[in-house]
Structure formats: C-alpha cells, structure tokens
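Engineer: Could you have a look at this structure, given as structure tokens, before my questions?
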Amino acid sequence: MLKNAPDSEAAKRTVDALRDAVGPSDALVGGTTAQTLDTQRAADRDLRTVIPIVLLVVFAVLVWLLRAIVAPLLLLATVVLSFLGALGASNLLFEHVLGYAGVDWSIPLMGFVFLVALGIDYNIFLMHRVKEEIARLGHKQGVLEGLTSTGGVITSAGIVLAATFAVFAGLPLVTMAQMGVLVGIGVLLDTFLVRTVLVPALALDLGRWFWWPGALFKRRDRAELHGQPTPEEEPARAGVR
1 MLKNAPDSEA AKRTVDALRD AVGPSDALVG GTTAQTLDTQ RAADRDLRTV IPIVLLVVFA
61 VLVWLLRAIV APLLLLATVV LSFLGALGAS NLLFEHVLGY AGVDWSIPLM GFVFLVALGI
121 DYNIFLMHRV KEEIARLGHK QGVLEGLTST GGVITSAGIV LAATFAVFAG LPLVTMAQMG
181 VLVGIGVLLD TFLVRTVLVP ALALDLGRWF WWPGALFKRR DRAELHGQPT PEEEPARAGV
241 R
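Each residue of the sequence shown is one higher than the one before, starting from 1 at the first, in UniProt numbering.
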C-alpha cells in the first residue's frame with residue numbers, strides 16, 4: 001500500500017524503487033500506479049517513434065505534390081510550431097489557470113496527429129493554388145492571388161472545425177476536454193497565423209528559392225539566362241502594351 005496518492009510523482013518513484021529492489025526476478029510490481037507508469041512510458045516511447053515516421057511520410061507526400069524540397073520543409077516546420085504553440089497554451093491553461101496537473105500524457109501524440117493532418121491539409125490547398133497562380137502571374141502576385149482565392153474557404157473551414165472540437169471542452173472527461181482545447185487552439189493558430197501570415201511571408205521572402213529545386217525555380221533561371229522577362233515582369237509588360 002502506497003502512502004502517497006496513486007497518480008503522484010512520489011508514488012511513481014516508489015514503484016521504480018520497488019522494481020529496482022526486486023531486480024531481474026519473477027516478482028512483479030502491480031497496482032494502479034504501476035499500470036499508469038507503464039502506460040505513460042509506452043506512450044512516451046510511441047511518441048518518439050510515431051512523430052518521426054509521420055513527419056517523414058508527410059514530407060515525402062509534399063515533395064511529390066509540390067515538386068520541391070524547401071517548401072515541404074518549411075510547411076512541416078510551421079505545422080510543428082503550430083502544434084507546439086497549441087500544446088504550450090493548453091498546458092498553461094489547464095495547469096496555471098484551471099489548477100490541473102497539466103496536460104494528460106496521452107494528449108500530445110493524438111493532438112500531434114490531428115494537427116499535422118489538418119495543418120498540412122490546409123497548406124496543400126493553399127500551395128497548390130499558389131503554384132497555379134505563380135505560373136500565370138509570377139511569384140509575388142501568384143502568392144497573393146492564391147492566398148486571396150483560398151483564404152475565405154480555408155478560414156471558414158478552420159473556424160467550423162475549431163468550434164466542433166471546442167465542444168469537447170465542456171465534457172466531464174478531462175482527457176477529452178484537453179484534446180478539444182488543444183486541437184481547437186492549434187486549428188485557430190494554423191488558420192489565422194500560420195496559413196494566413198507565416199507561410200505566405202516565407203514564400204514571398206524566399207522568392208523562387210521557396211520552390212527549389214522544382215520547375216518554378218528553374219523556370220525563372222532559364223528566362224533570365226535568355227534575357228526574357230521573368231514571370232514577375234510579364235504581367236507588368238502586358239499592362240504597358
């Protein structure tokens with residue numbers, strides 16, 4: 001019988017001490033604390049395994065879709081930053097405002113899978129349209145036109161999705177409430193900050209290097225080598241004529 005609360009850190013340390021004392025024998029340490037500790041460590045191990053696999057698979061899909069390397073890397077980085085921001089905000093809310101011990105250990109993995117899938121989905125919609133507009137209008141105008149044409153639809157979808165997950169926050173199950181808050185915050189961050197501001201800003205700042213080494217990057221190089229107008233200059237010259 002443990003003196004401390006079953007879910008306390010002191011109880012977990014006691015279980016570890018008992019296991020060390022037993023050593024490599026047939027004796028096992030059981031109970032609620034031991035089961036929780038084993039499940040938590042299994043979840044931590046899964047987190048370290050699943051996250052790299054998910055990122056590698058998503059990166060490969062983005063490279064195939066966008067025909068570039070820099071853009072997929074940056075898109076993945078923005079989605080991961082969005083997840084970390086949502087996780088930090090959720091932990092701050094539940095631990096320092098609502099008085100819980102923090103975000104449940106099962107939340108980060110599920111939240112990561114949800115937010116990466118949703119964030120990359122929105123970014124694919126945006127960047128696919130941006131690619132089409134760049135081929136027609138040039139880089140700067142293409143990015144702006146792609147953002148304008150997809151902004152309303154993606155923003156509306158993000159608001160609806162965040163509101164849907166926010167319903168979970170009212171459930172009596174703490175784990176479900178934390179999941180709803182985490183995903184809701186992450187979707188709002190991705191919708192209003194990452195997809196609307198950060199990704200277009202990176203695309204504009206990097207210019208054609210954003211698409212390295214894809215066709216959009218090489219297309220401008222060939223135009224410059226032959227002294228022809230670049231995609232950014234073509235609309236302006238057409239207007240002058």
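Just so it is clear, CB atoms sit at the ideal spot from N, CA and C, and this is done for glycine as well.
These numbers were taken from a predicted model, which means no experiment stands behind them.
When DSSP labels each residue in this structure, what does residue 248 get in the three-state scheme?
Structural biologist: What the structure shows of the chain is the stretch from 1 to 241, and residue 248 is not part of that stretch, so it cannot be assessed.
Engineer: If you count every other CB in all the chains shown that lies within 10 Å of the CB of TRP211, and 16 or more means buried, which is it?
Structural biologist: Residue numbering aside, residue 211 sits at position 211 when the sequence shown is read from its first letter. Buried is the call here.
Engineer: Note down, in chain order, each residue of its chain lying with its Cβ closer than 7 Å to the Cβ of ILE185, except the 5 sequence neighbours on either side.
Structural biologist: The count along the sequence shown starts at 1 and reaches residue 185 at position 185. ALA86, ALA89, SER90, listed in sequence order.
Engineer: Alpha carbon to alpha carbon, what distance is there between TRP64 and VAL57?
Structural biologist: One-based indexing of the sequence shown puts residue 57 at position 57. One-based indexing of the sequence shown puts residue 64 at position 64. Roughly 11 Å between the two C-alpha positions.
Engineer: For PHE94, I'd like the list of residues in its chain whose CB is within less than 7 Å of its CB, leaving aside the five on either flank, ordered along the chain.
Structural biologist: Start at 1 with the first residue of the sequence shown, and residue 94 comes out as number 94. Correct list, in chain order: TYR100, GLY102, VAL103, GLN178.
Engineer: Following the continuous alpha helix (DSSP H) through THR148, name the residue where it begins and the one where it ends.
Structural biologist: Numbered from 1 along the sequence shown, position 148 holds the residue referred to as residue 148. Annotation for THR148: the continuous alpha helix (DSSP H) segment containing it runs 139-166.
Engineer: Please classify ILE107: is it buried, with 16 or more other beta-carbons within 10 angstroms of its beta-carbon, or exposed?
Structural biologist: Along the sequence shown, one-based indexing puts residue 107 at 107. So ILE107 ends up on the buried side.
Engineer: Report, in whole angstroms, the separation of the C-beta atoms of VAL70 and LEU198, which I expect to be a contact under 8 Å.
Structural biologist: Along the sequence shown, read from residue 1 onward, the residue named residue 70 stands at position 70. Along the sequence shown, read from residue 1 onward, the residue named residue 198 stands at position 198. With 8 Å as the limit, VAL70 and LEU198 do not qualify as a contact, their Cβ atoms being about 15 Å apart.
Engineer: Could you check if GLY170 is buried or exposed, using at least 16 other CB atoms within 10 Å of its CB as the buried criterion?
Structural biologist: Against the sequence shown, residue 170 aligns to sequence position 170. It counts as exposed.
Engineer: I need the boundaries of the alpha helix (DSSP H) containing VAL199, first residue and last residue.
Structural biologist: Numbered from 1 along the sequence shown, position 199 holds the residue referred to as residue 199. Per DSSP, VAL199 belongs to the alpha helix (DSSP H) from 199-206.
Engineer: Check whether the Cβ of ALA43 lies closer than 7 Å to any heavy atom of the ligand COA, and answer yes or no.
Structural biologist: Annotation note on the ligand COA: not contained in the displayed structure, which lists no ligands.
Engineer: Taking 8 Å as the cut-off, decide whether the C-beta atoms of THR78 and VAL187 are in contact.
Structural biologist: Numbered from 1 along the sequence shown, position 78 holds the residue referred to as residue 78. Numbered from 1 along the sequence shown, position 187 holds the residue referred to as residue 187. For THR78 and VAL187, no; Cβs fall outside 8 Å.
Engineer: Can you confirm whether the segment 105-119 touches the segment 143-151 when touching is taken to mean that 3 or more C-beta pairs between the two stretches lie within less than 8 Å?
Structural biologist: no
Engineer: Reducing DSSP to helix, strand and coil, say where ASP104 ends up.
Structural biologist: On the sequence shown, position 104 is the one that residue 104 refers to. In the structure shown, ASP104 sits in coil (DSSP, three-state: anything other than H, G, I, E or B).
Engineer: Among LEU98, TRP105, ARG45, whose alpha-carbon lies nearest the alpha-carbon of THR175?
Structural biologist: Taking the first residue of the sequence shown as position 1, residue 175 is located at position 175. Out of LEU98, TRP105, ARG45, TRP105 has the C-alpha closest to the C-alpha of THR175.
Engineer: Looking only at its own chain, which residues have a Cβ that is under 6 Å from the Cβ of THR191, when we skip the five neighbours before and after it?
Structural biologist: The count along the sequence shown starts at 1 and reaches residue 191 at position 191. Take THR191, set aside five residues on each side of it, and the residues of its chain with a beta-carbon closer than 6 Å to its own are THR155, GLY158, in chain order.
Engineer: Which residue from LEU189, VAL181, ARG208 puts its Cα closest to that of LEU92?
Structural biologist: For the purposes of this step, residue 92 is taken as the residue at position 92 of the sequence shown. Ranking LEU189, VAL181, ARG208 by Cα distance to LEU92 puts VAL181 first.
Engineer: From this set, PHE59, ALA163, LEU202, which residue's C-alpha is nearest ILE120's C-alpha?
Structural biologist: If you number the sequence shown from 1, residue 120 lands on position 120. Measuring from the Cα of ILE120, the nearest candidate turns out to be PHE59.
Engineer: Taking the alpha-carbon positions, what's the THR49 to LEU73 distance?
Structural biologist: Your numbering for residue 49 matches position 49 in the sequence shown. Your numbering for residue 73 matches position 73 in the sequence shown. Between THR49 and LEU73, the C-alpha separation is close to 19 Å.
Engineer: Taking Cβ positions, are LEU76 and LEU98 nearer each other than 8 Å?
Structural biologist: Position 76 of the sequence shown, counted from the first residue, corresponds to residue 76. Position 98 of the sequence shown, counted from the first residue, corresponds to residue 98. No; because the gap between Cβ atoms is not below 8 Å, this pair is not in contact.
Engineer: So what's PRO72 in DSSP terms, helix, strand or just coil?
Structural biologist: The residue you call residue 72 lines up with position 72 of the sequence shown. PRO72 carries a helical assignment under DSSP once its states are collapsed to helix, strand and coil.
Engineer: Measuring alpha carbon to alpha carbon, tell me which of PHE83, LEU137, ALA163 ends up nearest VAL116.
Structural biologist: For the purposes of this step, residue 116 is identified with residue 116 of the sequence shown, where counting begins at 1. The shortest C-alpha separation from VAL116 is found at PHE83.
Engineer: Classify HIS128: buried if its beta carbon has 16 or more other beta carbons within 10 angstroms, exposed otherwise.
Structural biologist: Here residue 128 refers to the residue found at position 128 of the sequence shown. The residue is exposed, with fewer than 16 neighbouring Cβ atoms inside 10 Å.
Engineer: Is ARG195 helix, strand or coil when you go by DSSP?
Structural biologist: Here residue 195 is taken as the residue at index 195 of the sequence shown, counted from 1. In this structure, ARG195 counts as helix in the three-state DSSP scheme.
Engineer: Can you list, in chain order, the residues of its chain whose CB lies under 6 Å from that of VAL61, leaving out five sequence neighbours each side?
Structural biologist: Translated into the one-based positions of the sequence shown, residue 61 becomes position 61. Correct list: empty, nothing qualifies.
Engineer: By the three-class DSSP mapping on this structure, what secondary structure does GLY184 have?
Structural biologist: Along the sequence shown, one-based indexing puts residue 184 at 184. GLY184 sits in a helix when the DSSP states are folded into three classes.
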